[in-house]
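Worksheet: the structure to be examined is printed underneath.
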Amino acid sequence: MAKLKVALYWAASCGGCEIAQLAIGDKLLKLAEAADIVFWPVAIDAKYKDVEAMPDKSIDACLFNGAIRNSEQEHMAKMLREKSKIMIAYGSCAYEGCIPGLANLFNRQMIFERVYIETQSTDNKNNILPQTSCQVPEGELTLPEFYDTVKTLRQTVDVDYVIPGCPPEEKTTWLALEALIEGKLPPKGTVISHNAKAVCDDCPLKRDVKKIKKIYRNFNIIPEPEICLLEQGLLCQGIATRGGCGAPCPQANMPCTGCYGPVEGVIDQGAHFLSALASVIDSNDPEEIQRIIDDIPDPVGSFYRYSLPDSLLRGAIIR
Ligand code: SF4
Ligand code: SF4
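Our numbering puts the first residue of the sequence shown at 340, with every later residue one more than the last.
Right, dumping it as structure tokens:
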């Protein structure tokens, strides 16, 4: 049987997805038996022009991680879409925008001024900002255009599947790769994970009182073992987050921050968790409710840490 051709690419991301792909360990050998990796800039010396020269749809599957922050990433997303039969959004940045997407609280001008002018470690007396084109004695130097907002892969090209997670757990990666190798991929549009229900469904911690009087940050308390973290006042988002990861975070006393994205059928994970949180706040007194919610640190970063560009909000309105 002919081997599959697989491409991997990273756009606006931290590199954790590449580590997660390597984390499948000895299953890499099974992947290597079944597939040739034809493009993977982080690991093999293939150039953009090599991809350009490939016939359309000659790559069987592309695992694309990272959000779309600039014109180079958009160009590569479109080219890899043309060259690939199956486009997979791998990891939270490609799926929902993730941490790079929190920059949608600002626009390009604000980001450039902060990064290239205002930071204390910056020495930029002439306030020079990055340009897409610059003439030097040797000729023209160019940079990709830095967009005003971060987009997800699905907001850029047609996407066939999503592998969720920041980064995806090894078992989630392998679930998708094994299905690809065996020709048993689910229907187009599926978010591939072991559990389409909530993280709470995988979590062994006991839920009981479902009422909270105070919200704590992780370093404020040492949680009681074996008791649901949300019921102890920690912002655990398991109830609003797709399962399949096995709930490793709450089992290590760390609240779920929501990296597997929304549960099936929910379009705005942050709003879903806000609604769930409102239902467990134990008060009818507006002043007491205000005191309780005043303890929520960084509301956008707490509720939309992974999903701001893919949410109904998309970002801040900046005038
Ligand atoms: S809210 Fe968090 S700690 Fe509680 S059951 Fe769900 S995942 Fe577990
Ligand atoms: S428990 Fe939550 S934050 Fe942790 S891996 Fe699972 S989905 Fe991600």
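Idealized CB from N, CA, C, for every residue including glycine.
Environment of residue i [buried if 16+ CB atoms lie within 10 Å]
| i | result |
| --- | --- |
| Ile-551 | buried |
| Thr-491 | buried |
| Ala-341 | exposed |
| Pro-439 | buried |
| Leu-568 | buried |
| Leu-370 | buried |
| Val-454 | exposed |
| Ala-433 | buried |
Residue i versus residue j: straight-line alpha-carbon distance, rounded
| i | j | result |
| --- | --- | --- |
| Ala-392 | Asp-547 | 60 Å |
| Asn-443 | Ser-641 | 15 Å |
| Arg-447 | Asn-404 | 22 Å |
| Ser-614 | Cys-598 | 18 Å |
| Gln-494 | Leu-519 | 24 Å |
| Ile-363 | Ile-376 | 15 Å |
| Pro-589 | Ala-537 | 13 Å |
| Lys-396 | Glu-421 | 6 Å |
| Trp-379 | Glu-563 | 45 Å |
| Asp-540 | Ala-591 | 16 Å |
| Leu-524 | Asn-463 | 52 Å |
Test: residue i CB closer than 8 Å to a CB of chain D
| i | result |
| --- | --- |
| Gln-576 | Among the protein chains of the structure shown there is no chain D, as only one such chain exists. |
Sequence-distant residues of the same chain with beta carbon closer than 7 Å to residue i, five excluded per side
| i | result |
| --- | --- |
| Ile-620 | Ile-551, Ile-628 and Ile-631 |
| His-611 | Ala-579, Pro-601 and Val-605 |
| Ile-566 | Leu-544 and Lys-545 |
Contacting residues, own chain, Cβ-Cβ under 8 Å from residue i (five flanking each side not counted)
| i | result |
| --- | --- |
| Leu-441 | Val-639, Gly-640, Tyr-643, Arg-644 and Leu-647 |
Beta-bridge pairing of residue i - partner residues as DSSP gives them
| i | result |
| --- | --- |
| Tyr-555 | Leu-573 |
| Cys-401 | Ala-346 and Met-426 |
| Asp-601 | The question names Asp, but residue 601 is Pro in the sequence shown. Beta-bridge pairing links Pro-601 to Thr-580. |
| Ser-472 | Thr-481 |
| Ala-518 | According to DSSP, which records beta bridges pairwise, Ala-518 is partnered with nothing at all. |
| Phe-378 | Ala-346 |
6 Å CB neighbourhood of residue i in its chain, flanking five on each side removed
| i | result |
| --- | --- |
| Ala-535 | Glu-603 |
| Lys-533 | Looking at the sequence itself, residue 533 is His, so the reference to Lys does not match. If we look at His-533 and ignore the five residues flanking it on each side, its Cβ neighbours are Gly-583. |
| Trp-513 | Ile-363 and Lys-366 |
Near ligand 4: residue i beta-carbon under 7 Å from a heavy atom
| i | result |
| --- | --- |
| Ile-578 | This structure simply doesn't include ligand 4; it includes ligand 1 and ligand 2 instead. |
Pair every Cβ in the stretch 467–483 with every Cβ in the stretch 499–508, then say whether three or more of these pairs are closer than 8 Å. Using a Cβ-Cβ distance cut-off of 8 Å, the stretch 467–483 and the stretch 499–508 are not in contact, since fewer than three pairs of beta carbons, one from each stretch, lie closer than that value.
Handout entry: Given 8 Å, three or more beta-carbon pairs between the stretch 398–407 and the stretch 418–426
Key = Segment contact: the stretch 398–407 against the stretch 418–426, three or more CB-CB distances shorter than 8 Å; contact assigned.
Meets three-Cβ-pair contact criterion under 8 Å: the stretch 536–547 and the stretch 486–504:
No, the stretch 536–547 does not touch the stretch 486–504.
| query | How do the stretch 575–582 and the stretch 480–488 stand: do at least 3 beta-carbon pairs fall below 8 Å, yes or no? | reply | Short answer: they don't touch.
Given 8 Å as the limit, is there contact between the stretch 375–394 and the stretch 343–358, that is, 3 or more CB pairs closer than that?
Because the criterion of three Cβ pairs below 8 Å is met, the stretch 375–394 and the stretch 343–358 touch.
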